[in-house]
Amino acid sequence: MRISASADWPRPHVAVCGSIHGNEPCGALAVQRIAGDFESRALAPAKGTVFLIHANPAATALGLRHTPEGDDLNRLWNFAFVDELRPEAWGYEHHRALELKEPLRDLDVLLDLHSAKTATPAFGISNGEADIDEVAKHIGISYLVQSWYGLADKVIIGFLKVAGTPAISVECGAHGDPEIANRAYHIALRFLRATGAIGDGPVTGGDDPRTVHVVERITKPSEEFRFGAPWSGFQQLEPGTLVGRDRVTEIRVGRRCYAVLPNEEVEVGDDVIYLAVDT
Ligand SMILES: [Zn+2]
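My numbering numbers the first residue of the sequence shown as 15 and each following residue consecutively.
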């Protein structure tokens, strides 16, 4: 959906993208609620165009991270599949990434909304372009993650980074948090205010987020792998803490760090936890 103010259309193009992962409905609910606000004229665009994107409606309808024949829509944005996978093998998400590619190219700034398996304070992942870190100060998040190496070229904010477009992904909290949809909505509203897309009130977002760097990405080594404790997001791990173990491997931290997006239930070989440090 696209809502324009006539004054200085067509720029800037501001987008809120929700539910790139179908088991994270808070983003789709937030963009639908904002669309309703524009339709009822409770909100009006101050300048430019607001794009409200429900990224993965097929997976959302199924309540799954991605469709059974498809793939993780937030790991396709380097478009390697175009050369590596014959088109007959593409699933819904491959087609969806290609469909969204052109409109995303024209954006000036993007917010991408997610939720997490385990409890976490709301945090953003910056793509480091232009003034996105300044915008991040006003959207009501507790932490701002920089340097998410390893995922950089596959995620939607990485694709926008290549184009030089400022973008941020926000993990709003746990999937099952009763407040999650409301929180995603308010983060999106603050983002629209901070980018000047709406002018319905003062730009506020609480305290400055604390900036951290993701320095380790740990993949699940085996089916037997278990965490040393039921980690939650941004829990502090002291040096020597057992992150997790299986029958042959034991992973401990060598310095104080934060647990980011711990999820014991991923497939073997997928990311089970990330570790971040203060700057
Ligand atoms: Zn997600």
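We treat Cβ as the ideally placed atom computed from N, Cα and C, and that holds for glycine.
Keep in mind the model is a prediction, meaning the values are calculated, not measured.
Ligand 1 heavy atom lying under 8 Å from the CB of residue i
i    : result
N317 : Nothing can be reported for residue 317: it is not among the residues displayed for the chain, which extend from 15 to 293.
E252 : no
K230 : At residue 230 the sequence reads Glu, which differs from the Lys that was named. The answer is no for E230.
I194 : no
S129 : yes
H35  : yes
E38  : yes
CB-CB length for residue i against residue j, believed under 8 Å
i    : j    : result
G172 : W91  : 6 Å
L239 : V286 : Here the sequence assigns Phe to residue 239, which means Leu is not the residue at that position. Going by Cβ atoms, the distance from F239 to V286 rounds to 7 Å, so yes, they are a contact pair.
A136 : I201 : 7 Å
V184 : T293 : That pair is no contact at about 19 Å.
V159 : G138 : 7 Å
S246 : A133 : 4 Å
Check whether residue i and residue j have beta carbons under 9 Å apart
i    : j    : result
A195 : P39  : yes
D97  : T179 : no
A69  : I34  : yes
A60  : N277 : no
D126 : H108 : no
I155 : A208 : no
Residue nearest to residue i in terms of C-alpha spacing, selected from the options
i    : options                   : result
T263 : P235, L289 and E281       : P235
R269 : S156, R259, V159 and Q250 : Q250
G283 : A75, T233, D191 and G258  : T233
K151 : P216, D221, F93 and I265  : D221
F205 : R55, E53, G254 and L66    : L66
S161 : G154, N141, E148 and L174 : N141
G215 : G50, A58 and L43          : A58
R261 : E237, A103 and R100       : E237
E230 : V217, P82, V257 and V280  : V257
A243 : R100, I265 and L174       : I265
I13  : T81, I212, K175 and A166  : Any property of residue 13 remains undetermined from this structure, which presents the chain solely from 15 to 293.
For the stretch 23 to 81, list the beta strand (DSSP E) runs that are entirely contained and at least 3 residues long, ordered along the chain.
27 to 32 and 63 to 68
Any beta strand (DSSP E) of 3 or more consecutive residues that is wholly inside the stretch 207 to 280:
224 to 233, 256 to 259, 264 to 266 and 271 to 274
What residue ranges within the stretch 75 to 130 form continuous beta strand (DSSP E) runs of no fewer than 3 residues, ordered along the chain?
123 to 130
Quick one: which unbroken beta strand (DSSP E) runs of 3-plus residues sit fully inside the stretch 159 to 210? Chain order, please.
181 to 188
Within the stretch 133 to 159, note down every full beta strand (DSSP E) run reaching 3 residues or more, in order along the chain.
137 to 140
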